[in-house]
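Read the structure below first, then the notes.
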RNA sequence: GCGGGUGUGGCGGAAUUGGUAGACGCGCCAGACUUAGGAUCUGGUUUCGAGAGAAGUAAGGGUUCGAGUCCCUUCAUCCGCACCA
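Set out below in structure tokens:
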């Protein structure tokens with residue numbers, strides 16, 4: 020073969036490794052650039068063609084930036100803690116570290132074959148003690164910090180203690196789990212244990228009894244983003260709500276900064292929106308309602324304070340702590356029955372019953388603080404304990420959920436907002452509530468005639484004046500539950516003294532994961548670490564048996580790459596000052612509410628405590644789309660072993676069956692291979708069309724069960740890594756999902772060979788001329804330089820690959836073999852196809868790596884022509900084109916075009932009304 | 001329901017930021033070379049039409065000399081959130 024990719028790729032991969040070509044160090048003479056991939060969890064299945072898509076993109080970007088003179092940090096590592104290896108351990112007894120190591124090696128092998136330019140000396144693995152030492156260290160810092168709302172940053176807990184000693188809680192404005200109130204004297208009078216309990220209310224990493232998503236099957240709790248539709252994202256097991264003592268991170272303290280930071284990063288609008296939605300900031304008011312005849316206050320949260328005149332009842336969440344206190348004896352049985360009923364449902368059942376109205380009356384009444392009206396208080400599960408105060412003022416006229424509830428239980432509905440330009444009507448005739456915020460207040464005393472927006476302000480002012488309410492902001496975001504009842508994760512550097520948790524001294528880190536005999540929970544239901552022998556401190560205090568969740572290790576890994584071997588600190592000041600944050604981050608959008616929020620929180624905290632110079636981790640982010648599979652089908656006639664070709668299948672009753680895409684080429688089935696595939700098919704019969712069996716196709720998720728998986732290793736073996744890289748980029752825009760066309764790769768393979776032939780003669784001998792390049796050759800080259808520069812910045816590598824093809828086609832046509840052209844062309848191709856480029860580069864006589872070459876400089880003058888082929892349109896429709904000198908002015912062009920023989924028939928019988936002339940664009944003649 | 005994205009040949013997709021729609025590639029068709037072709041090379045390939053030409057970027061309307069691109073309405077589809085008061 021002329022172009023021997025197998026040999027070339029092996030040779031240069033070895034050369035890059037041996038010469039440490041991809042090793043980077045801080046270099047103050049060059050600007051830095053940090054290109055990062057979301058590091059993978061090494062699963063047992065290995066990589067399919069979808070995985071490297073992002074890695075190839077970042078690799079090209081990194082190589083390009085390097086050619087442009089940047090010092091590029093481009094590392095890779097492994098998110099090595101995870102449930103699958105642990106589930107496997109429970110089943111087989113194999114230590115998860117063993118499984119993980121094996122999978123990592125397989126990943127590495129696959130990645131190496133594709134020729135990535137990672138600096139592997141910087142590799143991190145979240146499960147290595149040298150790495151998780153710093154995960155544990157950060158946890159201790161979080162434990163020892165609180166959040167000051169005034170200065171909007173984390174502060175050492177010692178400062179809070181000092182404050183308590185002097186002022187107690189007077190004037191305190193900090194993030195807290197619940198409001199507390201005590202004097203300095205009271206603080207000083209507390210026992211150590213009591214003081215520790217108080218501090219738990221403020222720590223950024225704290226322990227609390229929390230309603231959690233408990234997954235019995237996995238034997239652990241899960242974070243909100245790890246649960247979907249009431250099932251665990253990993254494994255799809257049922258999840259139930261349960262109250263348990265858990266570690267949490269006070270991420271809610273950072274809600275506003277997490278929201279504001281989104282405006283400073285260059286991410287897709289959709290991911291930013293998902294995060295905004297997840298944080299769920301809503302501004303409204305807190306209003307206090309007295310309970311009639313009792314000395315009890317009910318606090319509600321509303322965004323529609325303007326509708327206070329329209330509230331006709333109140334609703335509490337069934338779990339609300341005051342339910343029992345307000346319920347009258349007459350209604351107690353009914354209320355308790357309702358609470359039991361709602362409590363015993365799983366998350367999944369609850370979600371399935373959404374919109375099914377249910378509730379119970381407590382017999383109590385609230386007093387409207389503005390009108391003094393008596394409002395019946397109900398409990399219903401449409402009010403969630405986890406949001407606001409778990410109690411609402413219901414305004415059925417202007418809230419669709421309250422409306423449905425009122426209709427169901429025949430509660431009164433009144434109108435207090437009307438659409439501008441309409442008259443109020445009888446709510447009894449309504450089919451739905453009027454929820455829109457563009458309206459005008461009616462039946463509302465001092466609010467009448469105001470717009471909704473004005474009325475909200477006015478009402479909050481009134482509430483504050485009366486001391487029965489205040490403006491308030493609420494968030495949907497919840498504190499992140501940070502403990503898992505699992506083995507394969509970071510142990511907490513926490514021990515218990517007198518039942519209270521204390522952070523270990525930093526000098527004890529890393530606290531290594533102990534060996535245990537079995538990976539299951541104990542018989543008494545304690546986490547697996549409870550099986551560890553001597554899981555106590557030197558002083559004999561018991562150590563925490565929970566471990567950290569998957570996102571612990573992945574929240575700060577991008578920092579560790581900056582200084583991966585530092586055993587004195589997380590990363591040095593010097594390294595962080597230089598590398599700062601990630602300039603380009605590439606990975607999946609599915610991490611929008613998990614990793615990408617936790618990482619931002621982690622970074623902001625490290626910024627607050629003076630470690631990170633930046634407070635956002637990922638400046639620019641691109642989310643790659645999924646590569647879908649293109650499945651093939653055969654059609655078996657029901658009740659037979661006869662298969663009918665695609666075009667004829669409609670005449671029969673058939674079952675479509677997935678067939679391995681390896682037996683199919685251009686949708687034609689290889690019948691012999693198919694027959695030998697599975698015993699059932701050995702004696703299959705076929706109804707053919709034109710002597711062939713044509714398969715049906717469908718675009719679906721790429722998966723083993725659909726027999727449509729393309730394995731990158733096979734493609735590298737068949738076409739070479741360079742062809743695979745080019746093809747993955749050529750497929751289409753990175754961010755879009757698109758199907759993998761098994762045939763299409765042939766086109767890029769032809770291109771690579773055509774590129775090779777440009778540098779060689781028919782005998783496969785290098786054939787390069789030192790003669791100066793001609794104008795058309797230079798033009799072709801410089802057009803490409805421009806196209807590539809534009810394409811890289813906008814990450815539209817598909818258009819760059821097509822520009823390569825155009826350029827190579829043109830140069831082949833011109834029979835160009837000039838060094839002046841082929842030398843820079845080789846550099847330009849190298850980010851995309853590094854192996855063939857390195858080979859050609861050395862054949863061209865260079866003795867250093869093409870990786871360290873310089874990107875050619877675009878010269879506009881090489882692309883200009885002295886004439887332009889003008890499209891000539893009549894009334895906007897293109898009719899013919901005309902080559903005209905660029906030196907002509909408008910009058911000359913106009914005259915030339917009108918005089919052209921082709922113009923005559925379009926002008927004939929009409930008048931030329933106007934001529935539009937846009938230089939180097941178009942000539943348009945308006946006739947009529 | 002709310003929020004975001006996407007609709008261009010048989011397929012993947014291009015179209016300087018309003019200026020020749022369909023680049024590039026796959027597939028398909030024809031030809032060349034071959035014992036052979038599922039190898040390679042050359043040419044063709046939006047649709048209708050013999051042709052001149054006409055139509056054409058999800059559908060309809062608008063702005064403009066000119067719209068795939070801007071504005072309005074509708075539809076389809078994908079993703080996220082979903083009793084969040």
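In our numbering, the protein residues as written are 20 to 947. No residue lacks a Cβ here, since even glycine has one placed at the ideal position from N, Cα and C.
So the candidates are the options; which of them puts its Cα closest to the Cα of residue i?
i: residue 832; options: 574, 796, 586; result: 796
i: residue 376; options: 402, 873, 424, 460; result: 424
i: residue 66; options: 40, 39, 132, 81; result: 132
i: residue 358; options: 398, 893, 452, 231; result: 398
i: residue 587; options: 126, 106, 921, 156; result: 156
i: residue 717; options: 342, 680, 325; result: 680
i: residue 544; options: 522, 934, 505; result: 505
i: residue 187; options: 175, 168, 209; result: 209
i: residue 766; options: 712, 823, 844; result: 823
i: residue 905; options: 886, 719, 921; result: 886
i: residue 794; options: 770, 830, 783, 362; result: 830
Please state whether DSSP places residue i in a helix, a strand or coil.
i: residue 148; result: helix
i: residue 361; result: helix
i: residue 347; result: coil
i: residue 341; result: coil
i: residue 36; result: helix
i: residue 606; result: strand
i: residue 644; result: coil
i: residue 516; result: strand
i: residue 389; result: coil
i: residue 899; result: strand
i: residue 848; result: helix
i: residue 978; result: It is not possible to answer for residue 978, since the shown part of the chain is limited to 20 through 947.
i: residue 730; result: coil
i: residue 818; result: helix
i: residue 354; result: helix
i: residue 232; result: strand
i: residue 280; result: helix
i: residue 300; result: coil
i: residue 524; result: coil
Within 10 Å of its beta-carbon, does residue i have 16 or more other beta-carbons around it, so buried, or fewer, so exposed?
i: residue 465; result: exposed
i: residue 170; result: exposed
i: residue 102; result: buried
i: residue 327; result: buried
i: residue 856; result: buried
i: residue 10; result: Nothing about residue 10 can be reported from this structure: the residues present for the chain run from 20 to 947 only.
i: residue 387; result: buried
i: residue 236; result: exposed
i: residue 381; result: buried
i: residue 807; result: buried
i: residue 938; result: exposed
(request) Say whether the region 817-828 touches the region 744-757, bearing in mind that this needs 3 or more beta-carbon pairs closer than 8 Å, one atom from each stretch. (result) Output reads yes: the region 744-757 touches the region 817-828.
(message) Count Cβ pairs between the region 86-103 and the region 53-64 that sit closer than 8 Å; are there 3 or more?
(response) At 8 Å Cβ cutoff, the stretches touch.
(request) Could you name each continuous alpha helix (DSSP H) segment of 4 residues or more that falls completely within the region 409-451, going from the start of the chain to the end? (result) For the alpha helix (DSSP H) assignment, the uninterrupted runs of no fewer than 4 residues enclosed by the region 409-451 are, from N- to C-terminal side, 419-427.
(request) List in chain order: all unbroken alpha helix (DSSP H) runs of 4+ residues lying wholly within the region 541-577. (result) Runs of the alpha helix (DSSP H) inside the region 541-577: 569-573.
(request) Evaluate the contact criterion for the region 756-764 versus the region 831-846: three or more CB pairs, one atom per stretch, below 8 Å. (result) Taking a contact to require three or more Cβ pairs closer than 8 Å, the region 756-764 and the region 831-846 do not qualify as touching.
(request) Can you check the region 747-815 for any alpha helix (DSSP H) of at least 4 residues that lies completely inside it and give the ranges in chain order? (result) Entirely contained in the region 747-815, the alpha helix (DSSP H) runs reaching 4 residues are, in chain order, 764-777, 794-812.
(message) Counting beta carbon pairs with one atom in the region 177-187 and one in the region 527-537, are three or more of them shorter than 8 Å?
(response) The region 527-537 is not in contact with the region 177-187.
(request) Please confirm if the region 458-472 is in contact with the region 222-232, defined as three or more CB-CB distances below 8 Å between the two stretches. (result) The region 458-472, when compared against the region 222-232, does not touch it at the 8 Å Cβ threshold.
(message) With three or more beta-carbon pairs closer than 8 Å as the criterion, would you say the region 507-526 touches the region 566-574?
(response) Below 8 Å, enough C-beta pairs join the region 507-526 and the region 566-574 to call them touching: three or more.
(message) I'd like the ranges of any alpha helix (DSSP H) spanning at least 4 consecutive residues and lying wholly in the region 142-220.
(response) If one requires a minimum length of 4 residues, the alpha helix (DSSP H) runs lying completely within the region 142-220 are 148-162, 176-186, 203-208, 211-219, in chain order.
(message) Report the start-end ranges of each beta strand (DSSP E) in the region 647-719 that is 3 residues or longer and not cut off at the edges.
(response) For the region 647-719, whole beta strand (DSSP E) runs of length 3 or above, ordered along the chain, are 661-663, 673-678, 704-706, 715-719.
(request) Determine contact between the region 600-612 and the region 630-638, defined as no fewer than three beta-carbon pairs at a distance below 8 Å. (result) With the cut-off at 8 Å, the region 600-612 and the region 630-638 touch.
(request) Check whether the region 289-299 touches the region 489-499, counting contact only when three or more Cβ pairs, one atom from each stretch, lie closer than 8 Å. (result) Yes: the two stretches touch, three or more of their Cβ pairs being nearer than 8 Å.
(request) Enumerate, from N- to C-terminal direction, the unbroken alpha helix (DSSP H) stretches of 4 or more residues contained entirely within the region 55-107. (result) Residue ranges of uninterrupted alpha helix (DSSP H) with 4 or more members, entirely inside the region 55-107 and ordered along the chain, are 71-86.
(request) Would you be able to state if there are at least three C-beta pairs under 8 Å between the region 771-782 and the region 853-867? (result) The region 853-867 vs the region 771-782: in contact.
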